[in-house]
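**Student:** First the structure, then my questions, so here it is.
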Amino acid sequence: MTTSGTEFVAFRRSLARARRVLARDLPWRNHHDPWAILVSEVMLQQTSVARVLEPWTRFLDAYPTPAALAAAPLDEVLVHWRGLGYPRRARNLRLAALALVERHGGRVPASTSDLLALPGVGAYTAAAVASFAFSQPVTVLDTNVGRVLARAVANRTLDVSEARDLAQRVRGRTASAPFNQSLLDLGAQYCRARARCETCPLARACRWRQEGGPDPAPASAAVSRAQAPFAGSERELRGRILAALEGRPGRGEFEERFAEVEPARLANALAGLARDGLVDATRLRLATN
Ligand code: SF4
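Numbers in my numbering are just positions in the sequence shown, counted from 1, shifted up by 657.
As structure tokens, this is what we get:
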């Protein structure tokens, strides 16, 4: 069954009515500084909201402008990134700050094409910044929105272009920022991997809830698969190595700290960090540039 224009309008209205119930009190939402919003969106790419709250404040205290981050050495930036994981994002954010200084006078641009040209900025992040910082008429598509669209709006698996098209048609001409935020809020709090339909404020407007059938979300566009456990993972080892190198240990001290890790595995992890430009493996130091 296809979704009609009338159903789009009905869903949009239901979402607008539920906005206050859905709204999460997130500090970057009260911010109008595009730089603060860009930093929050990069941090949120692969990290939960709860883990971003404190580092986001700390990071912006240290680097309140793109120019401040561009001027900082990478090893210092990596220390401020601590606790967030996926440290390649810190390196890319610093490269983005350098690009902002060089190409945009130290400001975050408003257009999605200029945003997409920045290192580490993909389609979701560009659309989120364009919408939340500049009220551009764009919709966002991430794992939360992907689940909502597949279940509540379509009740079928969607590919990327279908999901993007559907999001724009549901938004219609309403302001993008509150619309996008409500979809994200719905996906993050109710339409999760394990859906909380019993308490969901959109249940009456939701096609999957009303029509039933297999869950269309898991194979749908932008919906991420469950991550492998962190404990014992390469991600954990990489994080431990970066934390150890903050203290500038000698080689003997470093090897002692990782005595329980198989040498080949440790060497591989170090080589990977060096390939990512995060570590100077020869000097056994965090990279500075
Ligand atoms: S009713 Fe269930 S499936 Fe539908 S939007 Fe709410 S949580 Fe998602």
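Every residue gets a Cβ at the ideal spot worked out from N, C-alpha and C, and that includes glycine.
When the distance is taken between beta carbons, is F789 closer than 9 Å to W713?
**Tutor:** Not closer than 9 Å, so no.
**Student:** Could you check if A809 belongs to the surroundings of the ligand SF4, using beta carbon to heavy atom distance under 8 Å?
**Tutor:** Because some heavy atom of the ligand SF4 lies under 8 Å away, the Cβ of A809 counts as near it: yes.
**Student:** Could you give the distance in angstroms between the alpha-carbon of E891 and the alpha-carbon of V758?
**Tutor:** Their backbone Cα atoms lie some 34 Å apart in a straight line.
**Student:** Cβ of V805 within 8 Å of any heavy atom in the ligand SF4?
**Tutor:** Result yes, Cβ under 8 Å from the ligand SF4.
**Student:** For L755, is the beta carbon positioned less than 8 Å from some heavy atom of the ligand SF4?
**Tutor:** No - the ligand SF4 has no heavy atom lying nearer than 8 Å to the Cβ of L755.
**Student:** Taking C-beta to C-beta, are R669 and V827 nearer than 9 Å?
**Tutor:** In contact: R669 and V827 (Cβ atoms closer than 9 Å).
**Student:** So, at 8 Å on beta carbons, what are the nonlocal neighbours of W722 in its own chain, with the 5 sequence-adjacent residues on each side left out?
**Tutor:** The sequence given here places Thr at residue 722; Trp does not occur at that position. Around T722: W692, G763.
**Student:** First and last residue of the alpha helix (DSSP H) that includes H761?
**Tutor:** Per DSSP, H761 belongs to the alpha helix (DSSP H) from 745-761.
**Student:** By Cβ distance, which residues of its chain are closer than 8 Å to S881, with the 5 residues on each side in sequence left out?
**Tutor:** So the qualifying residues of the chain are T800.
**Student:** Can you list, in chain order, the residues of its chain whose CB lies under 6 Å from that of A785, leaving out five sequence neighbours each side?
**Tutor:** Only E698, V797 meet the Cβ criterion.
**Student:** For a minimum of 4 consecutive residues, which ranges assigned as the alpha helix (DSSP H) are wholly contained in the region 804-834?
**Tutor:** Whole alpha helix (DSSP H) segments, 4+ residues: 817-828.
**Student:** Could you tell me the distance, in whole angstroms, from the CA atom of D933 to the CA atom of G896?
**Tutor:** The straight-line gap from Cα to Cα measures roughly 13 Å.
**Student:** Is the region 804-814 touching the region 835-852, taking contact as three or more C-beta pairs under 8 Å?
**Tutor:** The region 804-814 vs the region 835-852: in contact.
**Student:** Closest by CA to Q703, which one among G740, L923, H688?
**Tutor:** Considering only alpha carbons, the answer is G740.
**Student:** Would L899 and L941 qualify as a contact pair, given that the criterion is a beta-carbon distance under 9 Å?
**Tutor:** No. Outside cutoff.
**Student:** Which ranges does the alpha helix (DSSP H) cover as unbroken runs of at least 4 residues, wholly within the region 841-880, from first to last along the chain?
**Tutor:** Runs of the alpha helix (DSSP H) inside the region 841-880: 864-868.
**Student:** Going by DSSP in three states, V797 sits in which element: helix, strand or coil?
**Tutor:** If DSSP states are grouped into helix, strand and coil, V797 belongs with coil.
**Student:** Using three-state DSSP, classify D937 as helix, strand or coil.
**Tutor:** Correct three-state label for D937: strand.
**Student:** Given the structure, does W617 come close to the ligand SF4, in the sense that its CB is under 8 Å from one of the ligand's heavy atoms?
**Tutor:** Beyond the ends of the chain as shown, which are 658 and 946, falls residue 617; an answer cannot be given.
**Student:** Just to check my reading of the structure: A878 and A820 have Cβ atoms closer than 8 Å, yes? What is that Cβ distance to the nearest angstrom?
**Tutor:** With a Cβ gap of about 4 Å, A878 and A820 count as contacting.
**Student:** Exposed or buried, what is A747 when buried is set at 16 or more other beta-carbons lying within 10 Å of its beta-carbon?
**Tutor:** Classification for A747: buried.
**Student:** L750 and V696: beta carbons closer than 9 Å?
**Tutor:** Yes, these two residues count as a Cβ contact at 9 Å.
**Student:** Quick check: what's the CA-CA separation for N837 versus G779?
**Tutor:** Going from the Cα of N837 to the Cα of G779 covers about 17 Å.
**Student:** Which one or two residues does DSSP pair with L717 in a beta bridge?
**Tutor:** Note: L717 sits in no beta bridge, so no partner.
**Student:** According to DSSP, is R882 part of a helix, a strand, or is it coil?
**Tutor:** In this structure, R882 counts as coil in the three-state DSSP scheme.
**Student:** For R686, list the residues DSSP reports as bridge partners.
**Tutor:** Paired residue(s): none; R686 is not in a bridge.
**Student:** Give the DSSP-derived three-state secondary structure of L679 in the structure shown.
**Tutor:** The answer is helix: DSSP assigns L679 an H, G or I state.
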